[in-house]
Amino acid sequence: MSPRRPRRSAPRHRDPAKTDPLSRGYLLETLIGGWRPLARLDIDGFALLRSRGITRRANSAVPIDPRAHTDALEDAVARLEGMWEAVQEPPTFRVFEGHEPTALDDLLVTRGYGTVGASHVLELPLTPAPRAGAGQAPPHETVVGALDETWFDAAWQLAPRDGEHARSTLHDILAGTPAVQVMVPAPAAAKEQEPIGVGRAALVEAGRERIAVLNMIAVHPEHRRQGIAKALSRTLLDSAAQQGATRALLEVEITNPAAHALYNGLGFQRITGYHYRVRAAPGEAT
């Protein structure tokens, strides 16, 4: 008699309402991957991110898995400070609530660091089925994959950054991760041909899961309060789900109530938050 083969159970369909929480490591690595720095150096459990000084998200130290022992933590921080001093830039740490040694924040305070900026991290489970209201999106163009130059030109018009080499640096940051890129062009009859809105969902692999990290959502000032940002976001979420993303993440500053209202209306929930600790040079205010 031939041995009986084990019966294969039917495939289980994932319930988006029961998405398992991301582990600490996957969450932090996914956020880094969604806004990928130009250079990364791993030092004593910290990821030191550098991108020509443009945007703190890509120019800070993130505590991935540092040692919690006080002496080891102090040594790691001092070593990182030395790296920043060598390039004459202010040491900057991104401190996540519940995702770092409890002594890190207090240690940075004692070493002269101040708080600069704070953000919430929001999450939304995704399903391949289109989201309600998705059909209300205005005429738009969607490109999936490598950075699209037409989309980037539109994004720069709507959300430029300050600083030397800012445009080329932002271009290289966005080119670091494949993404869904959505643009709402100006109507054909419009006198000014400036784009109306743009949005991006970086597609980041986290273990066996693909995650969409939303950013660069911007709407022309003359077209705000018309539901374009919500329509853009819905289009990004649906397109990302069609590309296999099982959840979406985004980071929003706590001082941006309009963005919070938008994302709460889409069903996003807060899962954690972070703030930056920056040590100013002697004589400078933090």
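For my numbering, add 1309 to where a residue sits in the sequence shown, where the first one is 1. Backbone N, C-alpha and C define an ideal beta-carbon position, used for all residues, glycine too.
{"Check": "Could you check the C-alpha separation between residue 1332 and residue 1392 for me, to the nearest Å?", "Outcome": "29 Å"}
{"Check": "Measuring straight from C-alpha to C-alpha, what distance separates residue 1452 and residue 1350?", "Outcome": "31 Å"}
{"Check": "Out of 1587, 1551 and 1561, state which residue places its alpha-carbon closest to the alpha-carbon of residue 1437.", "Outcome": "1551"}
{"Check": "Taking the CB atoms as reference points, tell me whether residue 1521 and residue 1557 lie closer together than 8 Å.", "Outcome": "yes"}
{"Check": "Quick one: what's residue 1508 bridged to in DSSP?", "Outcome": "1491"}
{"Check": "Within the chosen definition, does the stretch 1380-1388 reach the stretch 1517-1535 through at least 3 CB pairs nearer than 8 Å?", "Outcome": "no"}
{"Check": "From the DSSP output, which residues share a beta bridge with residue 1378?", "Outcome": "Bridge partners of residue 1378: none, in fact."}
{"Check": "Taking buried to mean at least 16 other C-beta atoms within 10 Å of its own C-beta, is residue 1466 buried or exposed?", "Outcome": "exposed"}
{"Check": "Can you tell me whether residue 1469 is buried or exposed, with buried defined as 16 or more other CB within 10 angstroms of its CB?", "Outcome": "exposed"}
{"Check": "Starting from residue 1418, trace the alpha helix (DSSP H) in both directions and tell me its first and last residue.", "Outcome": "1412-1419"}
{"Check": "For residue 1463 versus residue 1528, is the C-beta distance shorter than 8 Å?", "Outcome": "no"}
{"Check": "Can you tell me whether residue 1585 is helix, strand or coil according to DSSP?", "Outcome": "strand"}
{"Check": "Thinking C-beta only, is residue 1419 closer than 8 Å to residue 1370?", "Outcome": "no"}
{"Check": "Using CA coordinates, which residue listed in 1375, 1407, 1338 and 1379 is at the minimum distance from residue 1367?", "Outcome": "1338"}
{"Check": "With a threshold of 16 other CB atoms inside 10 Å of the CB of residue 1343, please say whether the residue is buried or exposed.", "Outcome": "buried"}
{"Check": "Among 1531, 1429, 1554 and 1411, which one has its Cα closest to the Cα of residue 1580?", "Outcome": "1429"}
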